[in-house]
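Written below as structure tokens is the structure these notes are about.
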Amino acid sequence: MTQFLVDYNLDIALFAIVATGFCVFVSRSVIGSAAPRHVLVSVWLFTVVLVLCGALSAGLLGERERGRLRGMLEGICPTYAQEMVKLGLTSITLNTPPDDPNYLRLIEAQKRWQDVNRTVNDIYTFARKPDGSIALLVDSETDYDHNGKFEGEREQRTSIGEPYEATETLLQAFNGTPEFDEAPYTDRWGTWVSAYVPVFNPDGSVHSVAGVDFDAKNWTHAIAFYRASALVFFSILIVATVGGIAYVQMARADVARERRAEAELRAAWEQAQSASRAKGAFLASMSHEIR
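Letter by letter, the sequence shown follows residues 1 to 291 in the numbering used here.
Structural data, given as structure tokens:
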């Protein structure tokens, strides 16, 4: 759901709809149509400007967080690849027996790295079979739930040579260039975004591809959090700004009503005084005529 909202900018669309609805409510129900035209124009102008600023800020903050996460994964993957090469990765082939010392050393290293760095959800390597298909090479046990145990089939070690349905990005990494698969994809272990880096033989050919996984849910939630933070901030600005204009207009309307009421009372008092004077003059005149 979160991925859907971010991919299609529905969070920004919802923000714009709510802000517009709030502006309509304030314009019609709080300020009213009797308000001066410049007040209504100010309300809509501030709303439009803040909505645009909010949408732009949400997009920029989301992309900055996306870039930060991508840079982290793209920086970590080559480091692990280099360490695996030092531990003898290039000596491992799809025909290597599971009790090979180098293979077991690599397995233990992967487990240790995953325990130390829980930002990364998985570390593994792929190799290409003679028919061009892709298979897992070194992929250790993975404690996904971090309970200190490798429970269930999902957390078990993957056998050397297990077939893997490769993404287009992974296949490109076998051409010798680092790649990043930002589009979340799902395999039997979960849904991920991944960084890949080729591992080269001494003769310069690609021996395998090392990969690291990052949970796609955490990836999306991190980006969505920064987008939402910007939208919430600008929502508060809209409420404060438009609400402030409405409050000032209502206060002015109250003052105007009080002044009109005061003027009406003064006019009524003056009229009463005039009538009283006229009555007194009439009575005085009648008294004089009677006498």
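All residues carry an ideal CB built from backbone N, CA and C; glycine is no exception.
Start-to-end residues for the alpha helix (DSSP H) that takes in residue i
i, result
"T125", "T125 -> not in any alpha helix (DSSP H); beta strand (DSSP E) instead, spanning D122 to R128."
"V48", "R37 to K86"
"A173", "E168 to A173"
Length of the line joining the Cα atoms of residue i and residue j
i, j, result
"F15", "I76", "36 Å"
"W192", "I223", "15 Å"
"Y8", "S140", "36 Å"
"F46", "G59", "20 Å"
"N117", "I238", "41 Å"
"E153", "W189", "9 Å"
"Y247", "W269", "33 Å"
"A228", "S57", "10 Å"
"F225", "E63", "12 Å"
Whole-Å CB distance - residue i paired with residue j, under 8 Å assumed
i, j, result
"L89", "V18", "Not really, about 53 Å apart at Cβ, beyond 8 Å."
"L87", "R105", "5 Å"
"N121", "Y103", "With 8 Å as the limit, N121 and Y103 do not qualify as a contact, their Cβ atoms being about 22 Å apart."
"I12", "P98", "Not a contact, Cβ separation roughly 51 Å."
"A173", "V209", "5 Å"
Residue i in three-state terms, based on DSSP
i, result
"Y8", "coil"
"H207", "strand"
"T186", "strand"
"L94", "coil"
"A216", "helix"
"D99", "coil"
"P198", "strand"
"D181", "strand"
"Y247", "helix"
"T2", "helix"
"Y351", "For residue 351 there is no data in the structure shown, the boundaries of the chain being 1 and 291."
Boundaries of the beta strand (DSSP E) in which residue i is found, first to last residue
i, result
"I134", "I134 to D139"
Candidates the options, of which the one nearest residue i by Cα
i, options, result
"T169", "L50, Q110, G211 and E63", "G211"
"L5", "G67, H221 and L265", "H221"
"A216", "H207, E182 and T241", "E182"
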